[in-house]
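Residue numbers for the sequence shown follow the numbering used here, beginning at 94 and rising by one.
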Amino acid sequence: MKANKGASGIDGMTIEAFPRWMQQGGWQQCKSQLERGEYQPSAVRRVEIDKPDGGKRKLGIPTVIDRVIQQAIAQILTPLFDPYFSVNSFGFRPNRNAQQAVLQVRNIIKQKRKFAVDVDLSKFFDRVNHDLLMTQLRSKVQDKRLLALIGKYLRAGVMVNDQFEASFEGVPQGGPLSPLLSNIMLDSLDKELESRGHHFARYADDFIILVKSQRAGERVLKSITHYLGTKLKLIVNEHKSQVVKVGQSKFLGFTFNRGKIQWHANTLHVFKQKIRRLTNRNWGVSMSYQLFKLRQYMQGWINYFGIANAYQGCVDLDHWIRRRVRMCYWRQWRKPRTKVQNLLKRGVRIQAAVACGLTSKGPWRSSKTPGIQQALSNEYLEKAGLYSLRDGWIAVHYPSQITG
């Protein structure tokens with residue numbers, strides 16, 4: 094939990110302040126309340142973050158104390174439930190990840206299942222039915238105090254702009270326990286799909302079913318929508334749920350074409366928008382910091398999206414990013430005299446340096462001129478700390494070439 098550096102809850106206590114609170118006897122008092130069944134969790138703090146595809150995602154941030162307790166509960170529940178979860182469930186489970194889910198979808202597609210049933214659960218985390226979830230928990234949890242405590246967490250409520258809102262349904266995203274509870278809730282969906290012989294993959298509330306024809310897909314979508322509504326009290330977003338050819342599908346930011354994993358168009362759009370913000374010529378930070386933030390974002394991005402068959406895509410993006418970085422350098426040098434001096438310092442001949450330094454072209458157009466490309470060569474930018482998506486892609490697909 095400390096590694097995640099989570100935000101504080103409604104009490105304002107930070108991770109750093111937690112050890113001192115424990116030393117002052119706070120944990121002993123809390124432990125005593127838990128043993129007597131008298132502990133009352135705090136409401137979560139509402140935070141909204143941007144979704145990659147637009148809109149807002151509502152998070153519920155628990156206090157540090159409640160995060161510790163929820164983590165302990167998750168560690169108790171995981172060995173009771175996880176061994177019985179479906180092999181087609183990949184989200185928030187030990188030794189499972191999104192890349193495995195995407196690879197499974199690709200393998201299913203290779204079995205000539207060319208249509209995808211994209212099912213979008215409308216506000217899943219906000220609409221989890223407490224009674225149904227508690228019934229699932231009672232199937233394997235015998236400790237009544239633990240069940241009562243989980244029930245208290247479900248009903249703890251939310252603080253929105255200093256106003257308390259009661260929670261009669263839903264599991265707030267943002268706490269350590271929520272991902273496991275969501276898997277427990279949707280495990281019956283997995284079992285239902287398996288009993289019907291469907292080929293699918295699920296990651297949390299994002300799942301896709303692969304079928305052989307449009308007509309079969311329409312039947313599946315209709316029957317699953319009915320099952321989710323009647324059995325799990327969940328609502329399917331009819332505007333976003335559809336049956337499409339696999340090349341038009343979207344799953345965890347990827348799509349599929351001729352049996353190959355590719356980036357979805359929106360994934361690439363969001364990536365480029367982020368790079369534009371990180372290379373904004375008016376940002377006003379040092380180039381070393383800018384390159385550090387670029388490396389941080391690009392490395393995390395390729396570690397997730399690197400499984401796509403996108404070597405050339407990485408090469409093309411590297412080329413575009415290098416040009417934007419050169420534009421940032423050029424902008425920071427500002428005055429013609431400074432530009433000429435920096436070009437000369439980096440080995441550009443005086444005639445070319447003066448021509449570049451006195452040009453009336455803007456930073457973007459200037460970034461493509463031979464003098465600037467010589468001064469800020471690929472090798473120079475690499476030594477300065479610019480990350481390469483191409484190298485990251487190779488490390489994902491051919492790790493032995495990097496390590497050995």
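Virtual Cβ for every residue (Gly too), placed ideally from N, Cα, C.
Label residue i either buried or exposed according to how many other C-beta atoms from any shown protein chain fall within 10 Å of its C-beta, with 16 as the threshold for buried.
i	result
residue 343	buried
residue 423	buried
residue 336	buried
residue 491	exposed
residue 276	buried
residue 112	exposed
residue 251	buried
residue 493	exposed
residue 459	buried
residue 469	buried
residue 413	exposed
residue 403	buried
residue 286	buried
residue 429	exposed
residue 310	buried
residue 121	exposed
residue 110	exposed
residue 358	exposed
residue 100	exposed
Could you give the distance in angstroms between the alpha-carbon of residue i and the alpha-carbon of residue j?
i	j	result
residue 482	residue 160	35 Å
residue 347	residue 171	29 Å
residue 103	residue 244	20 Å
residue 386	residue 216	32 Å
residue 283	residue 236	26 Å
residue 137	residue 219	13 Å
residue 303	residue 408	32 Å
residue 234	residue 268	20 Å
residue 97	residue 299	Bear in mind that a pLDDT of 44 at residue 97, under 50, signals an unreliable position, so the model cannot answer this.
residue 262	residue 152	15 Å
residue 124	residue 297	32 Å
residue 255	residue 345	34 Å
residue 105	residue 439	50 Å
residue 454	residue 356	34 Å
residue 257	residue 118	28 Å
Does the Cβ-Cβ distance between residue i and residue j come in under 9 Å?
i	j	result
residue 420	residue 360	no
residue 230	residue 327	no
residue 354	residue 239	no
residue 107	residue 157	yes
residue 270	residue 133	no
residue 437	residue 446	yes
residue 266	residue 150	yes
residue 242	residue 127	yes
residue 338	residue 209	yes
residue 489	residue 399	yes
residue 273	residue 167	yes
residue 349	residue 202	yes
residue 485	residue 366	no
residue 281	residue 315	no
residue 198	residue 334	no
residue 410	residue 364	yes
residue 192	residue 397	yes
residue 383	residue 376	yes
residue 463	residue 374	no
Once the 5 residues before and after residue i are set aside, which same chain residues still bring their CB inside 7 Å of it?
i	result
residue 474	415 and 418
residue 253	139
residue 497	With a pLDDT of 48 at residue 497, under the threshold of 50, the predicted position of this residue should be treated as unreliable, though the coordinate-derived value follows. Hits under 7 Å: none found.
residue 144	150
residue 352	199, 202 and 203
residue 317	212
residue 451	429
Whose C-beta lies closer than 6 Å to the C-beta of residue i among residues of the same chain, with five residues either side of it excluded?
i	result
residue 426	432 and 435
residue 467	441
residue 278	221 and 226
residue 259	250
residue 183	189, 193, 194 and 296
What residues in its chain sit with their C-beta under 8 Å from that of residue i, if we drop five residues either side in the sequence?
i	result
residue 381	477 and 478
residue 186	175, 178 and 276
residue 307	208 and 336
residue 181	197, 283, 286, 287, 293, 294 and 295
Can you check DSSP and say which residues form a bridge with residue i?
i	result
residue 252	138 and 257
residue 294	301
residue 214	329
residue 268	266
residue 337	209
residue 344	347
residue 182	295
residue 356	347
residue 149	143
residue 154	138
Comparing the C-beta of residue i with each C-beta of chain B, is any distance below 9 Å?
i	result
residue 413	This model lacks chain B altogether, as it is built from one protein chain only.
When every heavy atom of the ligand HEM is checked, does at least one fall within less than 8 Å of the C-beta of residue i?
i	result
residue 253	As presented, the structure is devoid of all ligands, the ligand HEM included, so that no description of it is given.
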